[in-house]
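Below: the structure, in structure tokens.
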Amino acid sequence: MSQGRTLLVVVALSGIITASEALKCNCTNCEKSGYECETDGACMASTSYIKGQKQHVRICIPRESLIPPGQPIYCLSAEGVLNTHCCYTDYCNSVDLQVPSGVLDSNSWRPVELAAVIAGPVFLVCLVLIVGVLLFQYHQRAYNHRQRLDVEDPSCDHLYLAKDKTLQDLIFDLSTSGSGSGLPLFVQRTVARTIVLQEIIGKGRFGEVWRGRWRGGDVAVKIFSSREERSWFREAEIYQTIMLRHENILGFIAADNKDNGTWTQLWLVSDYHEHGSLFDYLNHYSVTIEGMIKIALSAASGLAHLHMEILGTQGKPGIAHRDLKSKNILVKKNGTCAIADLGLAVRHESATDTIDIAPNQRVGTKRYMAPEVLDETINMKHFDSFKCADIYALGLVYWEIARRCNAGGVHEEYQLPYYDLVPSDPSIEEMRKVVCDQRLRPNVPNWWQSYEALRVMGKIMRECWYANGAARLTALRIKKTLSQLSVEEDVKI
Ligand SMILES: *[C@@H]1O[C@H](CO)[C@@H](O)[C@H](O)[C@H]1NC(C)=O
20 MSQGRTLLVV VALSGIITAS EALKCNCTNC EKSGYECETD GACMASTSYI KGQKQHVRIC
80 IPRESLIPPG QPIYCLSAEG VLNTHCCYTD YCNSVDLQVP SGVLDSNSWR PVELAAVIAG
140 PVFLVCLVLI VGVLLFQYHQ RAYNHRQRLD VEDPSCDHLY LAKDKTLQDL IFDLSTSGSG
200 SGLPLFVQRT VARTIVLQEI IGKGRFGEVW RGRWRGGDVA VKIFSSREER SWFREAEIYQ
260 TIMLRHENIL GFIAADNKDN GTWTQLWLVS DYHEHGSLFD YLNHYSVTIE GMIKIALSAA
320 SGLAHLHMEI LGTQGKPGIA HRDLKSKNIL VKKNGTCAIA DLGLAVRHES ATDTIDIAPN
380 QRVGTKRYMA PEVLDETINM KHFDSFKCAD IYALGLVYWE IARRCNAGGV HEEYQLPYYD
440 LVPSDPSIEE MRKVVCDQRL RPNVPNWWQS YEALRVMGKI MRECWYANGA ARLTALRIKK
500 TLSQLSVEED VKI
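The sequence shown begins at 20 in the numbering used here and counts up one residue at a time.
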């Protein structure tokens, strides 16, 4: 083991010293340059195994990122999750690594068991010895590892990430040269473990949201209680969907599960937006016509990106949110917004035309549930049904925004949709009566007709609220209509 490592270091060093020309590596996401890249550093191949899905990534790592020298952060493996291999000769990363099994793949033990039975006690003794040695090593490594990662002293940061790198640099690196879906697991972990929590900014059904500091910048940290491990995993998984990053979708930074022996702390780190949710924002402020268009257009852009399926190896699956509401949309400094809380989202696997998890019938917030969700007539085999339900909810959010629009000095107080028809925290039954049986929708006041922007918003809402999901507008259509409106109204985005 240590011999191997020494050898690697020697090879690494000689590689660095003698390399006068660029090293060529295989690159899984360099479509343009024929799946190849050149570097002054190392070639890297990694295989991760997340919830039954194997992902191979091959990339170039620039020399400046090979820190610390002996064991660059980009080249570390994680037991049972990630197997990473860095090397220093042309195309040396053209290997298909296996993720060390045993942790995840219980089937692979079967033959061993069989052999043990056949070979009898002698073999058993050997096995016990081997397992003992392995366990000992594993513990030592895990222990050393924790020791290293638990160091929260910022002066030790240089061991893992170049000192002057800010979060923005790190994310920029990744969106240009990395795996396209997020930071490598170990970098995520290192970032998460050097965040200093500052104040609690929200509570939800899953746990708490905190504001934290990392290298002089603010980040939001969603801390899940250990009971909610599945929600944590699912949300992290969705956020790391390849090509998901978009200015109108909350920027994901890192997921980490800190195990301190007795309990597990589950963190999800994302960009921080000081204005908080659209719900809070509308409660505090009214908006101008321009402000309304900006919020509505950016929300539609975010949702359109989420819904859109991009084909190709670097493509993205269609994603439906399933819990869209003003509390799950964040307002950014520049007055646009970002869609957050992807924990209930479902992805469409277009190859098999299936949905990636078994969608349970009625999740999300009752007040925002589409009529077909309330009366359970939604066709759950059909991915588009979920998109249509999102659009219905978007229409309700638009109604919340438009009421707060200050046109000609008039605006209404903030209210939740259906505030006048159902009690607070309504039951499904109460919602169903109003939305399905009585076919009622939020009121669109007549005076909105006198202002072009409000007239357009009112029209969009009505077309989002049709009882028949298939008749509703698409996010892309709404985005186009609002872009046009923003040009007419001379809105600077
Ligand atoms: C790596 O690149 C070489 C040269 O372009 C190519 O022949 C080989 O098939 C690639 N390997 C993989 C696994 O893509």
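Ideal placement from N, C-alpha and C gives every residue a C-beta, glycine not left out.
Same chain, Cβ closer than 6 Å to residue i, five either side skipped, listed in chain order
i       : result
Arg-481 : none
Gln-74  : Ser-67
Ala-339 : Val-365, Phe-405, Lys-406, Asp-409
Pro-461 : Trp-418, Pro-436
Glu-449 : Val-441
Pro-173 : With a pLDDT of 41 at Pro-173, under the threshold of 50, the predicted position of this residue should be treated as unreliable, though the coordinate-derived value follows. Around Pro-173: no qualifying Cβ.
N- and C-terminal bounds of the alpha helix (DSSP H) containing residue i
i       : result
Val-416 : 402-422
Ser-250 : 248-258
Ser-502 : 494-507
Ala-472 : 471-483
Gly-321 : 308-326
His-303 : 297-303
Span separating the alpha-carbon of residue i from that of residue j
i       : j       : result
Glu-83  : Thr-58  : 10 Å
Glu-368 : Pro-336 : 7 Å
His-292 : Cys-424 : 22 Å
Gln-468 : Arg-422 : 13 Å
Gly-414 : Thr-213 : 40 Å
Trp-466 : Gly-427 : 11 Å
Asp-109 : Leu-361 : 40 Å
Arg-474 : Ala-318 : 18 Å
Arg-386 : Val-365 : 20 Å
Cys-483 : Leu-101 : 43 Å
Glu-309 : Ser-505 : 8 Å
Val-118 : Ile-348 : 37 Å
Thr-47  : Leu-330 : 16 Å
His-294 : Asn-353 : 10 Å
Ser-305 : His-430 : 7 Å
Val-76  : Pro-91  : 17 Å
Lys-313 : Lys-346 : 18 Å
Gln-457 : Phe-298 : 27 Å
Gln-166 : Ala-255 : Reliability of the predicted coordinates at Gln-166 is poor, the pLDDT of 42 falling under 50, and the value obtained from them is presented with this limitation in mind. Going by the C-alpha atoms only, they are around 25 Å apart.
Glu-227 : Val-441 : 28 Å
Lys-499 : Met-327 : 14 Å
Ala-370 : Gly-235 : 44 Å
Tyr-470 : Lys-344 : 25 Å
Ser-443 : His-303 : 20 Å
Ile-283 : Lys-277 : Correcting the residue type first, residue 283 is Thr in the shown sequence and not Ile. Whole-angstrom Cα-Cα distance: 6 Å.
Thr-355 : Val-150 : 56 Å
Lys-511 : Glu-218 : 34 Å
Cys-455 : Glu-50  : 49 Å
Closest residue to residue i among the options (Cα-Cα distance)
i       : options                            : result
Arg-17  : Ala-412, Gly-362, Val-510          : Since the displayed the chain opens at 20 and closes at 512, residue 17 lies outside it and no answer follows.
Cys-407 : Glu-419, Met-388, Gly-221          : Met-388
Trp-251 : Leu-287, Gly-235, Arg-264          : Leu-287
Ile-447 : Leu-393, Glu-419, Ala-274, Arg-234 : Leu-393
Asp-372 : Asn-347, Leu-504, Lys-400          : Lys-400
Arg-341 : Leu-143, Gln-457, Ile-312, Thr-384 : Thr-384
Asp-409 : Gln-457, Tyr-438, Ala-494          : Ala-494
Pro-390 : Arg-451, His-265, Val-210          : Arg-451
His-265 : His-324, Thr-209, Glu-50, Leu-204  : His-324
Arg-496 : Ile-479, Lys-511, Ala-255          : Ile-479
Asp-403 : Gly-488, Cys-356, Cys-145, Ile-268 : Gly-488
Ala-274 : Ile-257, Thr-281, Leu-263, Gly-280 : Ile-257
Arg-232 : Gly-221, Val-210, Lys-222          : Val-210
Asp-509 : Asn-112, Ala-472, Thr-355          : Ala-472
Ala-486 : Val-152, Val-453, Cys-44, Leu-148  : Val-453
Ser-113 : Cys-79, Leu-85, Pro-88             : Cys-79
His-158 : Gly-280, Lys-351, Asp-439, Val-350 : Gly-280
Ala-61  : Gln-72, Cys-111, Glu-50            : Cys-111
Continuous beta strand (DSSP E) stretch holding residue i: start and end
i       : result
Val-368 : The sequence as given places Glu at residue 368; Val does not occur at that position. Run containing Glu-368: 365-368, per the beta strand (DSSP E) assignment.
Phe-205 : That residue, Phe-205, is in no beta strand (DSSP E); its alpha helix (DSSP H) goes 204-211.
Tyr-349 : Just to set this straight, residue 349 is Leu in the shown sequence, not Tyr. Per DSSP, Leu-349 belongs to the beta strand (DSSP E) from 348-350.
Ile-220 : 215-222
Arg-232 : 226-233
CB contact check: residue i to chain C, cutoff 8 Å
i       : result
Pro-442 : Protein chain content of the structure displayed is limited to a single chain, and chain C is not contained in it.
Neighbourhood of residue i by C-beta distance below 7 Å, restricted to the same chain and skipping five residues each side
i       : result
Ala-315 : Tyr-417, Ile-420, Met-476, Leu-501
Thr-307 : Asn-425
Asn-103 : Sequence inspection shows Thr at residue 103; the Asn mentioned does not correspond to that position. So the qualifying residues of the chain are Met-63, Ser-65, Cys-94, Leu-95, Ser-96.
Ile-268 : Gly-321, His-324, Leu-325, Ala-357, Ile-358
Arg-253 : Gly-362
Contacts around residue i, its chain only, beta-carbon distance under 8 Å, and the 5 residues preceding and following it disregarded
i       : result
Phe-225 : Lys-241, Phe-243, Ser-244, Glu-247, Ser-250, Trp-251, Gly-362
Asp-169 : Reliability fails at Asp-169, whose pLDDT of 41 lies under 50, so the model's placement of it is uncertain and the value that follows must be treated cautiously. The answer, listed in chain order, is Arg-212.
Val-382 : Arg-341, Asp-342, Leu-363
Ser-52  : Cys-46
Tyr-433 : Leu-301, Asn-302, Glu-419, Arg-422, Arg-423
Closer than 7 Å: residue i CB and nearest ligand 2 heavy atom
i       : result
Lys-313 : Ligands displayed in this structure: ligand 1; ligand 2 is not among them.
Below 5 Å from a heavy atom of ligand 1 - residues by beta-carbon: After applying the 5 Å Cβ criterion, the set is Asn-45, Tyr-110, Ser-113.
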